[in-house]
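To start, the structure itself, in structure tokens.
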Amino acid sequence: MKRKKLIGWIVGVVAVVASVIVFLVPFAFIVLTAAKTGPEAAKFDFSWPTSWHLWENIQTVLTVRQFVVLRAFINSTTLTVASVTIMVVLAAMVGYVLQRRRSRINPLVNLLVMAGLIVPPAIVPTIWVLQELGLFKQMIGMILVNVAFGLSFCILLFRAFVASIPRELDEAATVDGAGPIRLFFSVILPLLKPVVITVIVVQAVAIFNDFTGPLYFLPGNENVTVQLTLYNFQGQMLSQWHLLFTNILLITVPPLVMYIFFNRQIVAGMTSGAVKG
Numbered sequence: 001m002k003r004k005k006l007i008g009w010i011v012g013v014v015a016v017v018a019s020v021i022v023f024l025v026p027f028a029f030i031v032l033t034a035a036k037t038g039p040e041a042a043k044f045d046f047s048w049p050t051s052w053h054l055w056e057n058i059q060t061v062l063t064v065r066q067f068v069v070l071r072a073f074i075n076s077t078t079l080t081v082a083s084v085t086i087m088v089v090l091a092a093m094v095g096y097v098l099q100r101r102r103s104r105i106n107p108l109v110n111l112l113v114m115a116g117l118i119v120p121p122a123i124v125p126t127i128w129v130l131q132e133l134g135l136f137k138q139m140i141g142m143i144l145v146n147v148a149f150g151l152s153f154c155i156l157l158f159r160a161f162v163a164s165i166p167r168e169l170d171e172a173a174t175v176d177g178a179g180p181i182r183l184f185f186s187v188i189l190p191l192l193k194p195v196v197i198t199v200i201v202v203q204a205v206a207i208f209n210d211f212t213g214p215l216y217f218l219p220g221n222e223n224v225t226v227q228l229t230l231y232n233f234q235g236q237m238l239s240q241w242h243l244l245f246t247n248i249l250l251i252t253v254p255p256l257v258m259y260i261f262f263n264r265q266i267v268a269g270m271t272s273g274a275v276k277g
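Going by the UniProt record's numbering, the final residue of the sequence shown carries number 277, and the count climbs one at a time with no gaps.
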């Protein structure tokens, strides 16, 4: 027994050390590089800056090109909030219906959901569809693309979680006179809080950090997102590494804060319904 405890303690220590090396060391390198001057940052060494210029670098990054970074944060936030809201509502409804009601079209819907996970996104056909709909280079078009790419994963999470909710709640609400809409929004949706938080955090981080989507489907200076602002400080002839790492630091902070505050809810939402359903 003591030997097993010792082995478990060693494994735990090794896991903590590995996590520190994999996650905290790169983040510390970003912070230190962002606090250096241009010549010091170009050396790419893991060293303490001779003098801290973090605040000055942040001010420079925020004011460059007529506050393009601030505009990018507004665009990315708008894109993220709208896309995640639509995904949560649609995925919760579809997952609930697929789990609770059996019909002949369920196999077809399940096939489409799995196809959304398996079939890779196609860039050129998606651009062609957006152009035909008049949504290319439009925020609403990018929102619809994000919803299409992430909806299948969200549906599977909601469907698994709904399986853990007793059907007796549906029957009791129906007996009390609740219709389908009131049943879902008043009874079922509040019980889906863990998986809702999971979907919000996972999809928000993915959309906020998305680089290829806005690059292909949302071009234009007025539509710039936070990931595309990295090009401001890196070019073919000159790279301002201290400003580039400062920009990376600013982009990293919001998703990091979300994961820190909602870590437990993410785990609960991902594991709920894993056994039953």
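Where is the CB? At the ideal position from N, CA and C, for every residue including glycine.
| Item | Value |
| --- | --- |
| N- and C-terminal bounds of the alpha helix (DSSP H) containing A160 | 139-162 |
| Classification of E222 by the beta-carbon crowding that lies within 10 angstroms, buried from 16 upward | exposed |
| The segment 117-135 / the segment 158-165 touching (three or more Cβ pairs under 8 Å) | no |
| For Q234: DSSP bridge partner residues | S239 |
| Three-state secondary structure (DSSP) of I165 | coil |
| Own chain partners of L117 with C-beta closer than 6 Å, once the 5 adjacent residues on each side are dropped | S152 |
| Unbroken alpha helix (DSSP H) run spanning K193, endpoints | 193-208 |
| Cβ neighbour criterion (16 or more within 10 Å) applied to G96 | Reading off the sequence, residue 96 comes out as Tyr, not Gly. Flag for Y96 reads buried. |
| Buried versus exposed, by CB contacts within 10 Å (16 or more), T115 | Per the sequence shown, the amino acid found at residue 115 is Ala instead of Thr. Looking at its Cβ environment, which holds fewer than 16 other Cβ atoms inside 10 Å, A115 is exposed. |
| Cβ-based neighbour list, R100, same chain, cut-off 8 Å, excluding 5 preceding and 5 following | V162, R167, D170 |
| Distance CB(G229)-CB(N247) smaller than 8 Å | Looking at the sequence shown, residue 229 is not Gly but Thr. In contact: T229 and N247 (Cβ atoms closer than 8 Å). |
| Cutoff 7 Å; reference L191; Cβ partners in own chain excluding five residues on either side | I165 |
| Option nearest I200 by Cα separation, candidates L183, L189, M87 | M87 |
| The segment 47-67 / the segment 180-188 touching (three or more Cβ pairs under 8 Å) | no |
| Close-in-space but distant-in-sequence residues of the same chain around P39 (CB under 8 Å, 5 per side omitted) | none |
| T60 (DSSP reduced to helix, strand or coil) | helix |
| Status (buried if at least 16 other CB within 10 Å, exposed otherwise) for R3 | exposed |
| Reference G150; option with closest CA among V84, F136, L189 | V84 |
| Per-residue DSSP class, three states only, for V226 | coil |
| Contact the segment 10-23 vs the segment 210-217: 3+ CB pairs below 8 Å | no |
| C-beta contact flag for L54 and A35 at 8 Å | yes |
| Inside the segment 33-95 only - beta strand (DSSP E) runs reaching at least 3 residues | none |
| Unbroken alpha helix (DSSP H) run spanning F217, endpoints | 212-217 |
| Contact under 8 Å by Cβ, M139 with T63 | no |
| Nearest-angstrom beta carbon gap, F233 and residue 278 [assumed within contact, 8 Å] | An answer regarding residue 278 cannot be provided, because it is not within the stretch 1 to 277 covered by the chain. |
| 8 Å Cβ cutoff met for N75 and V224 | yes |
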